[in-house]
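**Student:** In full-length UniProt numbering, the protein residues as written are 1 to 1097.
Got a structure here, written out as structure tokens. Questions coming.
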């Protein structure tokens, strides 16, 4: 049954009209499920021949769109409708296909039946094992392992085995996941070939491969573990079924029950499954298999395309003749252009040997029947980058939806590798406004964004809350912590401020990252911080981790610990609210909830082991899943969005529009050998054979590309990235095999076809002075209509179209209290005067609003060098001591990237060497003090200005005047003429003239200022810094190029201070572009530069 809603749509009002009230009621209607017609379909001649073949085996070659499923359903219905025909067994290769076949067969017969038994090969084998196997041997509660669970079991046995002696060359590889994957491949291959552990051991002995003999020993131990746990993997399941079918009584019972066996996708069977089929129907009874050797894409699971060519001789008639072959020769899926392009790819594939030539011709070149799909379109594009490719794909999908009228569910994007391509494509398409649906098992559960923070928290708890700084930061900014990047910085700053107060200048506080880590381990550190939302959220996270740790210590299971984590925050409530709200946020929330539910299901299966050991095992099991889970979670799909899936998963599906993405050389085809250490592909029934040649892997990859392309009914789009000549990103050879011109899509789409992009374009046109007045007015009218439109719940459809929400539209604000109260002096430091005049906006945000983020690593290094220079000048440390002090504080500096640390350390040591060289110079000046603070009032016109600051070094010259020295740790050295009017040195000199240092020096006379650049070498000799001088303010009160306005003041510094006072008193802090914009932290919202202007204009 289905529920649909109907509402009266709310039209957008005309400009100036009030928005209408929301719809009063929404009506829901319960509808029956979509009906499948029970009327017999129109079959062509070849399809009827298949249905009417009721005796003996038959091989049916069926390409994409040739009506294979319809023919299979009709064959099954025919057998069941004939009295005395016996039961019918239909075998296929996925749960989805089996369920679809059962539904279609029941509908075709217009009745519900226990039979036909349409099931997967593995479901049939499991039914046989449970029915005929000795329950005392296998156990009554036998459970089938998923592929990820099997991989984890193998890793667990590898880690705990004491019987297996691996060769010395395997010593470093044995603990790795990659080695476990290779062992798993060997075990699976052996069972597919019907080999036992001793057979593998013997194959290794004959080949002189000690690694293989060790695998044989491990194989035996692995099977023992499975039996003890009463679990079984897929290949072992088929092997046990083969053993049971070797019993004449079991075989006779099943053959008596089954009159006909039908097999779908026969080309995907492995040798063990063929052996099961031979035991069931190898005696010449009715057996019809449907196969497409061009779609044999599961070699990595043991499938062998040669089973199709071998079928006539493997399954002979009752008279001993080879089984006949019949090809379906009419395709109804594609337009002729799509059919032609895909046939060009298929023609490069090897032909199945032993098949009659006329049947091969009908199979490879079927007649294209137009049933309304038209000629179709095939397009191939190359893009400049991966990001550009994703944006162009989004543009193609949105255009098809908005202009061609395709529903989102009628489109799909197929990729070669789910782990590599699906996560970034999902993020890119979702960001572009394309609703995307990904089956929960397309990527490993541990890679789901909603699962990662839960796993990390469990991992930290299992280790006794031991965690590094990176893990602490990830937890704090996760949904469990509730902070964002800015909140993390504020938390770190609060912790540093608290530790700085505690140390009282005795030492530097630890880095923010280290303090955040310590706060989660010792929550009492947070009690010393100033109260704030960031501190409260960190306290809740630390308390949550502590509660879960205590719960595990009392013997809780992984499921109980997970539940405590999940329910201990507001995260579940936020996800539920977003899921109910619908839209793109609802889609993401539903996916996150599905992933969390799957995690709880896995935790429930691991409840046998409790405490920290059980928790560690559960986390390891989830993290160890390097392959997707089984297809059970595919039923979670809702069919309301664009499907994003792998080419392997797309088999059996079709859409009007298909985009085959990321068709890159090296990725598709991927010609790397799988299992290059143990080489599982070399194993055959006779032992270890020759390695698989590259042409076999190339054919497999081409078949996979063919499968992906044949999913399209009307339009096929293939995309790739084309890097510049010599770069790694190049389109695959498969792109050109489609026979269509490859078009280059330069750059990125002009404007995404999304509502936010439309609003942005209308806003741009509305204020464009070069646009015609009528065009600008039309843009504004459309913006007004969008701003007034609401949905059926009364919510704005396009809130971003409302000018009230735009940045830069409000009048300039004025604070209730002035920046400087009337009558109070303006306080200006030497370092802030230049920034205030250069860009008043940056000065206000940085100095008054305290909006600047934490200090950069470069600033931290500069502070360390300044401190060491001060101690060296005072004589409290020697040269060697300075380096030891540098060692102690260096680890407290957080660098933006690890590679920067070594270079910065060398720069710091060199700067110290240059200072020591400068200190040892022969000079007649006398040191008066270092880091000398000052505060002095200076009259500037009618204003009183308080000058504040700290002089790095103050000296007395031979003639008794004061010399100001300022050390610089920046790499940029100004020109000498720029130093003449440098505000900082000028403020220091003016302060000295007004008695700021008279107590130390006994004079107000100034000799000038000196800048010592410790990171700049002067000459090629011994380490010595670059030194620049500013003339004495006593001797040169005005600058050489001073104008009349500056000449009205006693010195050029007074003139600069007067301008600064005027800005502060006027309280208009405008943005001004300049050289320092490159380093400004506020450019993202600055109207004076291009990046920020896009936001506020």
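All C-beta atoms in this analysis are idealised placements derived from N, C-alpha and C, irrespective of residue type, glycine included.
A quick note: this is a predicted structure, and the numbers were derived from the prediction, not measured.
Among the residues of its own chain, which have a CB less than 7 Å from the CB of residue 325, if the five just before and after it don't count?
**Tutor:** 59, 61, 312, 355, 356 and 359.
**Student:** Whose C-beta lies closer than 6 Å to the C-beta of residue 1080 among residues of the same chain, with five residues either side of it excluded?
**Tutor:** 842
**Student:** Mind checking residue 468: buried by the 16 CB within 10 Å criterion, or exposed?
**Tutor:** exposed
**Student:** When the Cα of residue 385 is compared with those of 649, 749, 1021 and 806, which residue comes out closest?
**Tutor:** 749
**Student:** Any idea what DSSP makes of residue 1024, helix, strand or coil?
**Tutor:** coil
**Student:** Could you give the distance in angstroms between the alpha-carbon of residue 54 and the alpha-carbon of residue 238?
**Tutor:** 28 Å
**Student:** Are there 16 or more other CB atoms within 10 angstroms of the CB of residue 534, so buried, or fewer, so exposed?
**Tutor:** buried
**Student:** Keeping to the same chain, check which residues put their C-beta closer than 7 Å to that of residue 775; ignore five residues upstream and five downstream.
**Tutor:** Within the same chain, residue 775 has close Cβ partners 765.
**Student:** Apart from the five residues on each side of it in sequence, which residues of its chain come closer than 6 Å, Cβ to Cβ, to residue 743?
**Tutor:** 381
**Student:** Rounded to the nearest angstrom, what separates residue 715 and residue 434 at their Cα positions?
**Tutor:** Residue 715 and residue 434 have their C-alpha atoms spaced approximately 18 Å apart.
**Student:** Can you name the start and end residues of the beta strand (DSSP E) that residue 290 belongs to?
**Tutor:** 287-291
**Student:** In chain order, what are the residue ranges of uninterrupted alpha helix (DSSP H) at least 4 long that sit wholly in the region 541-569?
**Tutor:** 558-567
**Student:** Should residue 437 go down as buried or exposed, given a rule of 16 or more other Cβ atoms within 10 Å for buried?
**Tutor:** buried
**Student:** Determine the extent of the alpha helix (DSSP H) in which residue 655 is found, giving its start and end residues.
**Tutor:** No alpha helix (DSSP H) holds residue 655; the beta strand (DSSP E) holding it covers 655-660.
**Student:** By the 10 Å Cβ neighbour count, where 16 or more other Cβ atoms means buried, how is residue 597 classified, buried or exposed?
**Tutor:** exposed
**Student:** When DSSP labels each residue in this structure, what does residue 12 get in the three-state scheme?
**Tutor:** With a pLDDT of only 37 at residue 12, under the threshold of 50, the placement of this residue in the model should not be trusted, and no figure is reported.
**Student:** So for residue 27, helix, strand or coil by DSSP?
**Tutor:** Since pLDDT at residue 27 reaches only 45, below the 50 mark, its modelled position is unreliable, and the value read off the structure follows with that caveat. Three-state DSSP puts residue 27 in a strand.
**Student:** What is the C-beta distance between residue 93 and residue 236, in whole angstroms, given that I count them as a contact (C-beta under 8 Å)?
**Tutor:** At roughly 18 Å, the Cβ-Cβ gap does not stay under 8 Å, so residue 93 and residue 236 are not in contact.
**Student:** Going by the DSSP bridge assignment, what does residue 944 pair with across the sheet?
**Tutor:** 939
**Student:** Could you tell me the alpha carbon to alpha carbon distance between residue 499 and residue 1046, rounded to whole angstroms?
**Tutor:** 47 Å
**Student:** By a C-beta neighbour count over all protein chains shown, 10 Å radius and 16 as the cutoff for buried, is residue 224 buried or exposed?
**Tutor:** exposed
**Student:** I think residue 615 touches residue 561, with their Cβ atoms under 8 Å apart; what is that distance to the nearest whole Å?
**Tutor:** 6 Å
**Student:** Is any non-hydrogen atom of the ligand FAD found closer than 7 Å to the C-beta of residue 1013, if you look at the structure I gave you?
**Tutor:** Within the structure as shown, the ligand FAD is missing, as the structure has no ligands at all.
**Student:** Rounded to whole angstroms, how far is the Cβ of residue 1032 from the Cβ of residue 1053, which I believe are closer than 8 Å?
**Tutor:** Approximately 12 Å separates the beta-carbon atoms of residue 1032 and residue 1053; this is outside 8 Å, ruling out the contact.
**Student:** Suppose the cutoff is 8 Å on Cβ atoms and the five residues either side in sequence are ignored; what does the same chain contact list for residue 971 look like?
**Tutor:** 1015 and 1016
**Student:** Please classify residue 732 as buried or exposed, where buried requires at least 16 other C-beta atoms within 10 Å of its C-beta.
**Tutor:** Burial state of residue 732 is buried, judged by a 10 Å Cβ sphere holding 16 or more other Cβ atoms.
**Student:** May I have a chain-ordered list of the beta strand (DSSP E) segments no shorter than 3 residues that lie completely inside the region 408-494?
**Tutor:** 411-415
**Student:** Suppose contacts are defined by Cβ-Cβ distances below 8 Å. Is residue 188 in contact with residue 683 by that definition?
**Tutor:** no
**Student:** Using the three-state DSSP reduction, which class does residue 317 fall into: helix, strand or coil?
**Tutor:** The three-state secondary structure of residue 317, taken from DSSP, is coil.
**Student:** Provide the residue span of the beta strand (DSSP E) that contains residue 743, from first to last.
**Tutor:** 742-745
**Student:** Could you give the distance in angstroms between the alpha-carbon of residue 40 and the alpha-carbon of residue 111?
**Tutor:** Put simply, the backbone Cα of residue 40 is about 14 Å away from that of residue 111.
**Student:** From the DSSP output, in three-state form, read off residue 1014 for me.
**Tutor:** strand
**Student:** Quick test of your reading: residue 644 and residue 413, contact by CB under 8 Å. State the CB separation rounded to the nearest angstrom.
**Tutor:** The Cβ separation is near 5 Å, so the contact holds.
**Student:** Using beta-carbon positions only, say whether residue 538 and residue 558 come within less than 8 Å of one another.
**Tutor:** no
**Student:** Taking residue 422 as the reference, give the member of 191, 448 and 406 with the closest Cα.
**Tutor:** 448
**Student:** Rounded to whole angstroms, what is the Cα-Cα separation between residue 788 and residue 802?
**Tutor:** Straight across, the Cα-Cα distance linking residue 788 with residue 802 is about 8 Å.
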